[in-house]
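Asks: Have a look at the structure that comes next, please.
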Amino acid sequence: MRSPFSLHEYGAERTALGLDGPDMDGQNGSGIMCSGTQDRKQNAHSDRVTLKKEIGLLSACTIIIGNIIGSGIFISPKGVLEHSGSVGLALVVWVLGGCVAVLGSLCYAELGVTIPKSGGDYSYVTEIFGGLTGFLLLWSAVLIMYPTTLAVIALTFSSYVLQPVFPNCAPPYMATRLLSATCLLLLTWVNCSSVRMATRIQDVFTVGKLLALGLIIVVGLVQIFNGNFEALTPHVAFSQNRTPSVGQIALAFLQASFAFSGWNFLNYVTEEVVEPRRNLPRAIYISIPLVTFVYTLTNIAYFSSMLPEELLSSNAVAVTFGEKLLGAFSIIMPISVALSTFGGINGYLFTSSRLCFSGAREGHLPSLLAMIHFKNCTPIPALLVCCTATLFILCIGETHNLINYVSFINYLSYGVTITGLLYYRRRKPNIYRPIKVNLLVPVSYLLFWALLLGFSLYSEPVVCGVGLVIMLTGVPVYFLGVYWKEKPKCIYDFIACATSVGQKLCYVVFPQIDPTEIDHPSEWTDQSSGRSSFFANL
């Protein structure tokens, strides 16, 4: 008997639904076409029901930049200054934080073109270490990590949209929740309707974020040219009232690292990138240095216009900056934060739904989540699961404690994935790698990662412990839901019925393999075994 989450034996149910023929896996015939026409055989490949490659280089860059630049750089760069103890050291931390993100993204570029599957960390860890390790990353991400992050971004969006309406007090609790839910539902509808529409929204709002940061940088440069740069001179910038401990510096790096989180999100949608082996690494090489440059200049602008004491006392640095220097135009800053978070919600929805899709395709989640709309070719069930989980987190009320827990999980997953890169090189040394970074790159990243993780465990043992417990709750779920295959027939009947109902409600089918998108075997066969690494676990 098969696992209820398996995709390998779904043929009978699909045929019974009338959704499948002998060719749904791309073996022969025309199958169900995205356009709904089966007689246009000359367009068979382009009309297949499959995730469409509609993410070009520009959209790939905006996905990375849009997911990295959220509300953090506008609201609370004070965390880095608070822990580092001086303006100069804070700027050094921002630059080095970007360098660490570059090291990690280079490793992910190699993994992304060597294992060209959507799903990011989860897909790589599953391919390298096996099902259980991959499932634990998937479980923590789907259960807590992405819903909580989405909820916090949505609440930040609603708070800044409502700020002009409630200038002298905090917006009402219910108002922020309702606006957050409305924004989330709207963007879920957009992502369900069209991949192209979702990527265009990401493009526009990413440009908006960069323009807002550009305004801050220009105003800061004007201040510097007018002679207001005393705080940036070396003897002042590195003067300290207290000498920070190694632990404090590590915490400052953690703050900066979290501000750069999102640099790996393009790897979640690899299969929708046009020419991924060329555009994925190009997008990474363009986006991460650009964000590092913009972040550093933005902080220089802040320090040129605000005293360190002003920055530390502000809960929204960009808003305080605007009130001080933009006068009547200070309303631009809260609007910029709102637009930034709106684009962030769209980016997180887009990428996290592909994680659910990839998990279902590997047999780790219900197979309904591996289906896409027969016309729009969007993973509607996966998007609805992400939306529902986020709405549930919004209803709980307390999200910031959850963020502390999942931040540890998120950082842990980076290290596990890059450790997998080294292990995979040893395990399959002859596999085709279009990109192979120098060994010093993953080793340097892992040394830095281990240092920060060690200090995190030392300074926040409870938070890290709870994060590990959340991840390990997936172990019994894995053995009951995936590993245990001889389940009672009633369980399979229930899952088949639920899948059938879900297909009819969402108009979704399993995606077809497009043979024109499969690379030549010589491009990705392990020369020592002659076996395709991509399809090994499908």
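My numbering runs 209 ahead of the 1-based position in the sequence shown.
Backbone N, C-alpha and C define an ideal beta-carbon position, used for all residues, glycine too.
What you are looking at is a predicted structure, and each value in this text was computed from that prediction instead of being measured.
(1) Thinking just about the alpha-carbon of each residue, which of T342, L266 and N276 is nearest to the one in V684?
(2) Measuring CA to CA, which of F551, R563, E571 and T452 is closest to E480?
(3) Return the CA-CA distance between L394 and T599, expressed in angstroms with no decimal places.
(4) Looking only at C-alpha atoms, which of C715, C565, L574 and V483 sits nearest to Y692?
(5) Thinking C-alpha only, which one of G275, V717, C715 and P720 is nearest A492?
(6) Counting along the chain, where does the alpha helix (DSSP H) carrying P748 start and finish?
(7) Just checking my contact of F414 with F551 at CB under 8 Å: how many whole Å lie between their CB atoms?
(8) With a threshold of 7 Å on Cβ separation, who are the neighbours of S293 within its own chain once the five nearest residues in sequence on each side are excluded?
(9) How about I581 and P485: are their beta carbons less than 8 Å apart?
(10) When DSSP labels each residue in this structure, what does E218 get in the three-state scheme?
(11) Which residues does DSSP pair with H444 in a beta bridge?
(12) Below 8 Å on the Cβ atoms is my contact criterion, and I expect K418 with L548 to pass it. Report the Cβ-Cβ distance as a whole number of Å.
(13) DSSP state of I581, grouped into three classes?
(14) Would you mind working out which of V718, T335 and N473 sits nearest C586, comparing C-alpha positions?
(15) For V455, collect the residues of the same chain with a Cβ closer than 8 Å to its Cβ; drop the 5 residues on either side in sequence, then sort them by chain order.
(16) Who are the near neighbours of R636 in its chain, counting only those whose CB is closer than 8 Å to its CB and skipping five residues on each side?
(17) How should T391 be labelled, buried or exposed, when 16 other C-beta atoms within 10 angstroms of its C-beta is the threshold for buried?
(18) Looking at Y654 and V180, is the spacing between their C-beta atoms short of 8 Å?
(19) I need the straight-line Cα distance from L661 to D702, nearest angstrom please.
(20) Would you say C679 and S349 are within 8 Å of each other, going by their C-beta atoms?
(21) Measure from the alpha carbon of I277 to the alpha carbon of each residue in M406, L475 and T626, then state which is nearest.
(22) What number of angstroms, rounded off, separates the C-alpha of Q449 from the C-alpha of S295?
(23) Would you call the CB atoms of L516 and T397 closer than 8 Å?
(24) Which of the three DSSP states, helix, strand or coil, is assigned to M233?
(25) Would you list the one or two residues that DSSP bridges to I198?
(26) Hey, would you say D412 sits closer than 8 Å to S268, going by beta carbons?
(27) With a threshold of 8 Å on Cβ separation, who are the neighbours of V374 within its own chain once the five nearest residues in sequence on each side are excluded?
(28) Given a cut-off of 8 Å on the beta-carbon distance, is the pair P543 and F566 in contact?
(29) Would DSSP call V718 helix, strand or coil?
(30) Name the two residues that bound the continuous alpha helix (DSSP H) containing A525.
(31) Please list the terminal residues of the continuous alpha helix (DSSP H) segment that includes M383.
(32) Is the separation between the beta-carbon of L578 and that of A591 shorter than 8 Å?
(33) Check for me: the alpha helix (DSSP H) holding K287 runs from which residue to which?
(34) For I495, which residues of its own chain have a beta-carbon under 6 Å away from its beta-carbon, when the five flanking residues on both sides are left out?
(35) Where do the N-terminal and C-terminal ends of the alpha helix (DSSP H) with I458 fall, by residue?
(36) Return the CA-CA distance between I497 and K696, expressed in angstroms with no decimal places.
Replies: Result, derived from the coordinates:
(1) Walking along the sequence shown from the start, residue 684 turns up at place 475. Considering only alpha carbons, the answer is T342.
(2) For this step, residue 480 is matched to residue 271 along the sequence shown. Of the candidates F551, R563, E571 and T452, the one whose C-alpha sits nearest the C-alpha of E480 is R563.
(3) Your numbering for residue 394 matches position 185 in the sequence shown. Your numbering for residue 599 matches position 390 in the sequence shown. For L394 and T599, the distance between alpha carbons rounds to 10 Å.
(4) The sequence position of residue 692 within the sequence shown is 483, counting from 1. With distances taken between Cα atoms, Y692 lies closest to L574.
(5) Locating residue 492 in the sequence shown gives position 283, where the first residue counts as 1. For the residues G275, V717, C715 and P720, the minimum Cα distance to A492 belongs to G275.
(6) Nothing in the structure corresponds to residue 748, since the chain is present only between 210 and 747.
(7) For this step, residue 414 is matched to residue 205 along the sequence shown. For this step, residue 551 is matched to residue 342 along the sequence shown. Going by Cβ atoms, the distance from F414 to F551 rounds to 6 Å, so yes, they are a contact pair.
(8) Here the question's residue 293 lines up with position 84 in the sequence shown. The residues are A299, V302, P453, I458 and A461.
(9) Reading the sequence shown from its first residue, position 372 is the one you call residue 581. Reading the sequence shown from its first residue, position 276 is the one you call residue 485. For I581 and P485, no; Cβs fall outside 8 Å.
(10) Taking the first residue of the sequence shown as position 1, residue 218 is located at position 9. The predicted position of E218 is uncertain, since its pLDDT is 39 and thus under 50; no value can be drawn from it.
(11) Taking the sequence shown and counting its residues from 1, one reaches residue 444 at position 235. Looking at the DSSP assignment, H444 forms no beta bridge with any residue, so it has no partner.
(12) On the sequence shown, position 209 is the one that residue 418 refers to. On the sequence shown, position 339 is the one that residue 548 refers to. Contact holds; Cβ gap of about 7 Å.
(13) Position 372 of the sequence shown, counted from the start, is the residue given in the question as residue 581. Reduced to three states, the DSSP call for I581 is strand.
(14) By one-based count along the sequence shown, residue 586 stands at place 377. It is V718 whose Cα lies nearest to the Cα of C586.
(15) If you number the sequence shown from 1, residue 455 lands on position 246. Excluding positions up to five away in sequence, the list reads F664.
(16) As a first step, residue 636 is located in the sequence shown; it is residue number 427 there, counting from the start. Answer for R636: I337, listed in chain order.
(17) One-based indexing of the sequence shown puts residue 391 at position 182. So T391 ends up on the exposed side.
(18) Beyond the ends of the chain as shown, which are 210 and 747, falls residue 180; an answer cannot be given.
(19) Taking the sequence shown and counting its residues from 1, the one referred to as residue 661 is at position 452. Taking the sequence shown and counting its residues from 1, the one referred to as residue 702 is at position 493. C-alpha separation (whole angstroms): 48 Å.
(20) On the sequence shown, residue 679 is found 470 positions in, with the first residue counted as 1. On the sequence shown, residue 349 is found 140 positions in, with the first residue counted as 1. It is Ile, not Cys, that sits at residue 679 in the sequence shown. Cβ atoms of I679 and S349: closer than 8 Å.
(21) One-based indexing of the sequence shown puts residue 277 at position 68. Here the closest residue by C-alpha is L475.
(22) Position 240 of the sequence shown, counted from the start, is the residue given in the question as residue 449. Position 86 of the sequence shown, counted from the start, is the residue given in the question as residue 295. Cα to Cα, the separation comes out at about 6 Å.
(23) Against the sequence shown, residue 516 aligns to sequence position 307. Against the sequence shown, residue 397 aligns to sequence position 188. No; because the gap between Cβ atoms is not below 8 Å, this pair is not in contact.
(24) Here residue 233 corresponds to residue number 24 of the sequence shown, with the count starting at 1. Unreliable placement is indicated for M233, whose pLDDT of 36 sits below 50; no coordinate value is reported for it.
(25) The structure shown does not extend to residue 198, since the chain is modelled only from 210 to 747, so the question has no answer here.
(26) Here the question's residue 412 lines up with position 203 in the sequence shown. Here the question's residue 268 lines up with position 59 in the sequence shown. The answer is yes: Cβ separation under 8 Å.
(27) Here residue 374 is taken as the residue at index 165 of the sequence shown, counted from 1. Within the same chain, V374 has close Cβ partners P380.
(28) Taking the sequence shown and counting its residues from 1, the one referred to as residue 543 is at position 334. Taking the sequence shown and counting its residues from 1, the one referred to as residue 566 is at position 357. No.
(29) For the purposes of this step, residue 718 is taken as residue 509 along the sequence shown, with counting starting at 1. Of the three classes helix, strand and coil, the one that applies to V718 here is strand, per DSSP.
(30) On the sequence shown, residue 525 is found 316 positions in, with the first residue counted as 1. Unbroken run through A525: none, as it is neither H nor E.
(31) Position 174 of the sequence shown holds residue 383. Where M383 is concerned, the enclosing alpha helix (DSSP H) stretches over Y382 to S402.
(32) Here residue 578 is taken as the residue at index 369 of the sequence shown, counted from 1. Here residue 591 is taken as the residue at index 382 of the sequence shown, counted from 1. The answer is yes: Cβ separation under 8 Å.
(33) Start at 1 with the first residue of the sequence shown, and residue 287 comes out as number 78. Counting along the chain, the alpha helix (DSSP H) containing K287 begins and ends at K287 to S293.
(34) Walking along the sequence shown from the start, residue 495 turns up at place 286. Result list for I495: C270, in chain order.
(35) For the purposes of this step, residue 458 is taken as the residue at position 249 of the sequence shown. Note, I458: alpha helix (DSSP H), V455 to A468.
(36) Mapped onto the sequence shown, residue 497 falls at position 288. Mapped onto the sequence shown, residue 696 falls at position 487. Those two C-alpha atoms are separated by around 47 Å.
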